[in-house]
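*Asks:* Using the numbering used here, count along the sequence shown one by one with no gaps and you end on 265.
We put the beta carbon where it would ideally sit given N, CA and C, even for glycine.
So that we are looking at the same thing, I have put the structure below in structure tokens.
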Amino acid sequence: MKKKELSLGPDVIQLLIPHRRPFIMVDRVVQFDLEPAPTLKSVKYLTGNESFFSGHFPKIALMPGAMTFEGLGQSVNITSVIMALRDLYEKENRNPDEVYDDLQNLEYAFTLNPAYKKEKTDFLKQLMGNHTENLYGLVGSVNLKFLEPISAGNLVEYEVVRTGTLDNYMHYDIIATVNGRVKAKGKMSSIHGLDILKDSYFAR
């Protein structure tokens, strides 16, 4: 499967990465493409109520550049987790494309959608609980460029594309846009195999 429309909100997102509110800088995953390279598209709804606007700045609400890159970094980790889950599904002799439906099923659970199927959640929870040390990693930045400020009231669109892997390292091209204008771009790398989720939902 080459392309998959995903609609994953913040409740599912915080199961896939170690961050928690109010530091989740990705509000929704909207698309995942496996080919020609693993690509994730996500968004941040930048309202005037963001906590950082009280100090950045009191008279003009601008998103700190660090928060823009934080959203991109979190998108990188989400992408890497989805790819890791695909690998684990294959090891369990399951179709790796089922990952998307099972993640979407989690979204149904949090949104009280009658399409929710509990058995799909049980399998995914068990799988991730047994492999937390292989799923998540830390993101490092390389050659980041912040081009234009982002103000409150905008929809920030993130796109991260995996460009290569070397051992446990994954390399990504990243870009943040608002209304089609590039606001930030650069490269990030992540390393995986770090057991930092022992207290996560899936490790319970």
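#1: Taking the straight line between their C-alpha atoms, what separation do you get for Arg265 and Lys186?
#2: Ile143: buried (16+ other C-beta within 10 angstroms of its C-beta) or exposed?
#3: Can you give the beta carbon distance from Thr129 to Lys244, rounded, assuming they're within the 8 Å contact cut?
#4: Would you decide whether Val203 is buried or exposed? Buried here means 16 or more other CB atoms lie within 10 Å of its CB.
#5: CA-CA distance, Ser112 and Glu153?
#6: Quick check on the burial criterion: 16 or more other C-beta atoms within 10 angstroms. Buried or exposed for Glu66?
#7: Kindly indicate the opening and closing residues of the alpha helix (DSSP H) around Glu159.
#8: Along the alpha helix (DSSP H) that carries Asp72, what are the first and last residues, could you check?
#9: Between which two residues does the alpha helix (DSSP H) harbouring Thr129 extend?
#10: Do you know how far the Cα of Glu131 is from the Cα of Lys259?
#11: Does DSSP put Leu95 in a helix, in a strand, or in coil?
#12: Quick one: what does DSSP say Lys178 is sitting in, helix, strand or coil?
#13: Would you list the residues sitting across from Lys206 in a DSSP beta bridge?
#14: What span of residues does the beta strand (DSSP E) with Val222 cover, start to end?
#15: When the Cα atoms are used, what is the spatial distance from Glu151 to Leu95?
#16: For the region 100-117 against the region 207-219, do three or more pairs of beta-carbon atoms, one drawn from each stretch, fall closer than 8 Å, so that the two count as touching?
#17: Measuring straight from C-alpha to C-alpha, what distance separates Asp83 and Asp228?
#18: Alpha carbon to alpha carbon, how far is Leu167 from Val73?
#19: Please list the terminal residues of the continuous beta strand (DSSP E) segment that includes Val87.
*Replies:* Put simply:
#1: Here residue 265 refers to the residue found at position 204 when the sequence shown is read from its first residue. Here residue 186 refers to the residue found at position 125 when the sequence shown is read from its first residue. Interpretation of Arg265 is limited by its pLDDT of 42, a score under 50 that renders its predicted location unreliable; the figure taken from the coordinates is listed afterwards. Taking the straight line joining both Cα atoms gives about 9 Å.
#2: Position 82 of the sequence shown holds residue 143. Of the residues assessed, Ile143 falls on the buried side of the cut-off, its CB having 16 or more other CB atoms within 10 angstroms.
#3: Start at 1 with the first residue of the sequence shown, and residue 129 comes out as number 68. Start at 1 with the first residue of the sequence shown, and residue 244 comes out as number 183. Approximately 7 Å separates the beta-carbon atoms of Thr129 and Lys244; this is inside 8 Å, confirming the contact.
#4: Taking the sequence shown and counting its residues from 1, the one referred to as residue 203 is at position 142. Within a 10 Å sphere around the beta-carbon of Val203 sit fewer than 16 other beta-carbons, which makes this residue exposed.
#5: Here residue 112 refers to the residue found at position 51 of the sequence shown. Here residue 153 refers to the residue found at position 92 of the sequence shown. Just so you know, the alpha carbons of Ser112 and Glu153 end up roughly 43 Å apart.
#6: In the sequence shown, the residue the question calls residue 66 occupies position 5. Exposed, by the Cβ-count rule.
#7: To locate residue 159, count along the sequence shown from 1; it is residue 98. Counting along the chain, Glu159 sits inside the alpha helix (DSSP H) bounded by residues Glu159 to Phe171.
#8: Position 11 of the sequence shown, counted from the start, is the residue given in the question as residue 72. Pro71 to Leu77 is the extent of the alpha helix (DSSP H) around Asp72.
#9: Position 68 of the sequence shown, counting from 1, holds the residue named residue 129. Counting along the chain, the alpha helix (DSSP H) containing Thr129 begins and ends at Gly126 to Lys152.
#10: Stepping through the sequence shown from its first residue, residue 259 is reached at position 198. Stepping through the sequence shown from its first residue, residue 131 is reached at position 70. Residue confidence is low: Lys259 scores 42 on pLDDT, short of 50, so the model does not pin down where it sits. Its coordinate-derived value is still stated next. One C-alpha to the other measures close to 22 Å.
#11: Against the sequence shown, residue 95 aligns to sequence position 34. Looking at Leu95 - three-state DSSP - the assignment turns out to be coil, as it is neither helix nor strand.
#12: As a position in the sequence shown, residue 178 is number 117, starting the count at 1. Lys178 sits in coil when the DSSP states are folded into three classes, being neither helix nor strand.
#13: The residue labelled residue 206 in the question sits at position 145 within the sequence shown. In DSSP, Lys206 forms a bridge with Lys246.
#14: Looking up residue 222 in the sequence shown gives position 161. Note, Val222: beta strand (DSSP E), Leu216 to Leu227.
#15: Taking the sequence shown and counting its residues from 1, one reaches residue 151 at position 90. Taking the sequence shown and counting its residues from 1, one reaches residue 95 at position 34. Computed Cα separation, rounded: 15 Å.
#16: Yes: the two stretches touch, three or more of their Cβ pairs being nearer than 8 Å.
#17: Here residue 83 corresponds to residue number 22 of the sequence shown, with the count starting at 1. Here residue 228 corresponds to residue number 167 of the sequence shown, with the count starting at 1. According to the sequence as given, residue 83 is Pro; it is not Asp. Straight across, the Cα-Cα distance linking Pro83 with Asp228 is about 33 Å.
#18: Here the question's residue 167 lines up with position 106 in the sequence shown. Here the question's residue 73 lines up with position 12 in the sequence shown. Roughly 7 Å separates the two Cα atoms.
#19: In the sequence shown, counting from the first residue as 1, residue 87 sits at position 26. Following the DSSP letters along the chain, one finds Val87 in no beta strand (DSSP E), marked with neither H nor E.
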